[in-house]
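Notes for the one structure printed next.
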DNA sequence: TTTT
DNA sequence: TTTT
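Structural data, given as structure tokens:
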């Protein structure tokens with residue numbers, strides 16, 4: 001009866017602000033930031049060029065949130081994969097209100113770090129060495145999904 | 001400067017109601033219907049099974065809307081591809097309100113038509129023949145994206 | 001320098017055979033099965049209906065492989081998410097050969113279990129109870145990605 | 001009976017060569033180019049960093065092919081959406097051979113044009129004006145899917 | 001090789 | 001064959 005469903009979002013856009021962190025008592029945390037996607041098209045009747053910006057509320061958790069806070073700067077281009085979640089809340093008049101956000105489950109930075117307009121948080125001009133932040137910058141999140149060793153030498 | 005962005009949603013879920021149509025003066029139309037996706041997981045601390053339903057507002061246009069209205073029945077499983085769009089409106093108190101919907105650009109019916117719980121609109125037990133609705137049921141929308149003839153015999 | 005890339009495949013199709021398992025000495029395993037996707041279109045010049053089947057070689061690992069072997073039957077419809085991998089091998093004439101497969105990282109069964117044409121492996125008519133295989137049948141793989149408890153009550 | 005299937009590929013990678021065009025007698029054309037995606041992970045047993053490159057054969061048609069040829073330069077980053085197609089051919093020994101390619105149905109350039117290492121074909125330092133190639137550079141292909149006018153003012 |  |  002309850003065979004599967006899918007709730008997947010894939011975005012490429014530019015961040016509109018820094019990642020805002022919230023820390024929980026239990027040790028967890030979430031980060032939030034806005035992401036802009038753009039569409040451009042020509043109005044068929046008037047012939048004029050129209051440009052639309054869509055803003056998405058991105059929510060990312062725990063370790064991934066910390067990576068985003070550390071390396072994502074305002075204006076950076078990023079690929080976000082996640083799911084849609086609409087949360088219901090009550091405003092100060094007691095009215096039901098809804099807010100839709102994208103729960104980020106995977107991401108990839110698309111702005112080369114030397115171009116990222118990082119402030120203090122951004123690693124820039126750091127010393128060399130295996131473990132410098134520059135080399136630690138994750139191109140792809142969710143490393144736990146990385147293949148294991150016997151990836152390439154399967155005899156089948 | 002304005003290199004590309006992406007705004008893509010892919011859903012597999014069950015429709016929660018019939019498709020509601022709206023017709024415009026110019027000849028266009030849109031259809032709307034709710035789509036449910038489910039997630040189930042075990043709460044790590046309490047160990048209890050949690051089941052969550054997410055409702056998505058699907059909007060589909062013109063020809064595709066008419067196909068959905070004709071063949072999609074309440075409860076059917078369907079694959080929806082589209083983009084996220086949040087529309088702003090003003091409520092009767094003059095407050096800004098936001099409503100997020102999925103603009104459907106492609107879809108695929110996943111419920112075999114003999115299982116679809118169609119009412120009058122659903123083709124069921126109809127006579128045979130090349131052009132019966134049952135055989136017309138489109139498995140995939142957006143036929144304009146179908147490959148053209150020289151698809152398979154490329155000498156390269 | 002090494003900013004991110006993406007290699008993602010999403011398929012909905014029917015399995016063409018049972019899952020074939022291979023077990024490794026270290027305790028790991030992989031399962032393999034063919035998956036068919038279809039496209040239909042009308043040849044614009046001749047007007048005839050063309051139907052094409054594409055076969056994909058699905059490879060799934062470890063725990064997920066065992067779940068597929070247990071619950072996926074020939075002919076079942078399934079959603080597969082993964083990445084493309086082309087493996088190079090040498091045939092008995094010493095020629096380089098290439099074989100492309102889909103490494104499955106997530107999946108969702110789309111055939112309701114009561115319709116699955118399972119043989120001995122398929123749970124059918126089993127006794128009731130919280131832990132019967134029927135209820136254990138996973139609608140969605142990769143449970144580790146499930147949200148944790150504080151999912152819905154974020155005060156932000 | 002023939003309810004739907006899905007065959008979708010989404011890639012972000014770097015082009016490994018220029019777009020090679022082939023023109024047909026009927027007026028159509030296709031372009032081909034290799035696209036590299038990378039995965040990096042740490043081998044759990046040895047602890048060493050492993051870097052893998054996957055090469056994809058991209059095939060794009062007609063108008064979209066011409067746009068790619070004109071604006072895509074070797075090394076550019078691009079988002080590609082399409083479907084998997086494995087073509088069968090016979091080698092000079094009469095053996096069956098298979099070649100898998102990605103039929104591109106949509107794309108988005110991710111390298112800002114001022115950074116693209118274009119040769120003669122790349123518009124660089126051109127004069128201003130509404131119709132200069134720089135402004136014509138399409139960030140997103142498949143403009144036919146663009147929304148029409150009554151996109152934002154739906155009274156529903 | 002094969003699914004619907 | 002090749003990209004970063």
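Residue numbers (UniProt numbering), protein chains in the order written: chain L, 1 to 156; chain B, 1 to 156; chain E, 1 to 156; chain H, 1 to 156.
No residue lacks a Cβ here, since even glycine has one placed at the ideal position from N, Cα and C.
A quick note: this is a predicted structure, and the numbers were derived from the prediction, not measured.
Query raised in the report: Are the beta-carbon atoms of residue 13 (chain B) and residue 38 (chain B) separated by less than 9 Å?
Result: yes
Report task. Might you give, ordered along the chain, the residues of its own chain that have their beta carbon closer than 8 Å to the beta carbon of residue 20 (chain H), omitting 5 neighbours on each side? Result -> 31, 32, 33
Requested in this report: Note down, in chain order, every chain L residue with its Cβ under 8 Å from the Cβ of residue 110 (chain H).
Outcome: 12, 77, 110
Query raised in the report: Helix, strand or coil: how does DSSP classify residue 54 (chain E) here?
Result: strand
Requested in this report: Alpha carbon to alpha carbon, how far is residue 75 (chain B) from residue 18 (chain B)? Give it in angstroms, no decimals.
Outcome: 9 Å
Requested in this report: Counting only the same chain and skipping the five closest in sequence on each side, list residues whose C-beta sits under 8 Å from that of residue 5 (chain B).
Outcome: none
**Report entry** Under the three-state DSSP convention, the category residue 63 (chain E) falls into
**Finding:** helix
Report task. Would you please verify whether the beta carbon of residue 84 (chain E) is less than 9 Å from any beta carbon of chain H? Result -> yes
Report task. Please list the partners that residue 100 (chain H) has in chain E, where partner means a Cβ-to-Cβ separation under 7 Å. Result -> 86, 100
Query raised in the report: Rounded C-beta distance between residue 42 (chain B) and residue 103 (chain B)? I'm assuming under 8 Å.
Result: Between residue 103 (chain B) and residue 42 (chain B) the Cβ distance is about 34 Å, and since that is not below 8 Å, they are no contact.
Requested in this report: Can you check DSSP and say which residues form a bridge with residue 11 (chain E)?
Outcome: E:80, H:7
Query raised in the report: Under 9 Å between C-beta atoms, does residue 9 (chain H) make it to chain E?
Result: yes
Query raised in the report: What residues in its chain sit with their C-beta under 6 Å from that of residue 28 (chain E), if we drop five residues either side in the sequence?
Result: 62
Query raised in the report: Would a C-beta distance cut-off of 9 Å place residue 98 (chain B) and residue 88 (chain B) closer than the cut-off?
Result: yes
Query raised in the report: Is it right to say residue 81 (chain E) is buried, meaning 16 or more other beta carbons lie within 10 angstroms of its own, or is it exposed?
Result: buried
Query raised in the report: From the DSSP output, which residues share a beta bridge with residue 31 (chain H)?
Result: H:21, H:60
Query raised in the report: DSSP puts residue 40 (chain H) in a beta bridge; with which residues?
Result: H:51
Query - Reduced DSSP secondary structure (H/G/I, E/B, other) of residue 70 (chain E) - result: helix
Requested in this report: Flag this pair as yes or no: are the beta carbons of residue 8 (chain B) and residue 72 (chain L) separated by less than 9 Å?
Outcome: no
Query raised in the report: Since residue 56 (chain L) meets chain B, which of its residues come closer than 7 Å, beta carbon to beta carbon?
Result: 84
**Report entry** DSSP three-state assignment for residue 103 (chain E), whether helix, strand or coil
**Finding:** strand
Requested in this report: For residue 74 (chain L), decide whether its Cβ has a neighbour in chain B, counting only Cβ atoms nearer than 9 Å.
Outcome: no
Requested in this report: Compare the C-beta of residue 44 (chain L) against all C-beta atoms of chain B and say whether one is closer than 9 Å.
Outcome: no
Query raised in the report: Between residue 22 (chain H) and residue 100 (chain E), what straight-line distance do the alpha-carbon atoms span, to the nearest angstrom?
Result: 25 Å
Query raised in the report: If you draw a straight line from the C-alpha of residue 78 (chain L) to the C-alpha of residue 108 (chain L), how long is it?
Result: 6 Å
Query raised in the report: If you draw a straight line from the alpha carbon of residue 44 (chain B) to that of residue 56 (chain B), how long is it in whole angstroms?
Result: 27 Å
Query raised in the report: How should residue 93 (chain L) be labelled, buried or exposed, when 16 other C-beta atoms within 10 angstroms of its C-beta is the threshold for buried?
Result: exposed
Query - Buried versus exposed, by CB contacts within 10 Å (16 or more), residue 46 (chain L) - result: exposed
Report task. Look at the alpha carbon of residue 116 (chain B) and the alpha carbon of residue 84 (chain E), and state the distance between them as a whole number of angstroms. Result -> 34 Å
**Report entry** Same chain, Cβ closer than 8 Å to residue 110 (chain L), five either side skipped, listed in chain order
**Finding:** 12, 76, 77, 78, 79
Query raised in the report: With a CB to CB cut of under 6 Å and the five nearest residues on each side skipped, what residues in its chain are close to residue 54 (chain B)?
Result: 37
Requested in this report: Kindly identify the DSSP beta-bridge partner or partners of residue 90 (chain B).
Outcome: B:96
Query raised in the report: Once you ignore the five residues that flank residue 69 (chain H) on each side, which residues in its own chain have a CB closer than 6 Å to its CB?
Result: 19, 21, 31
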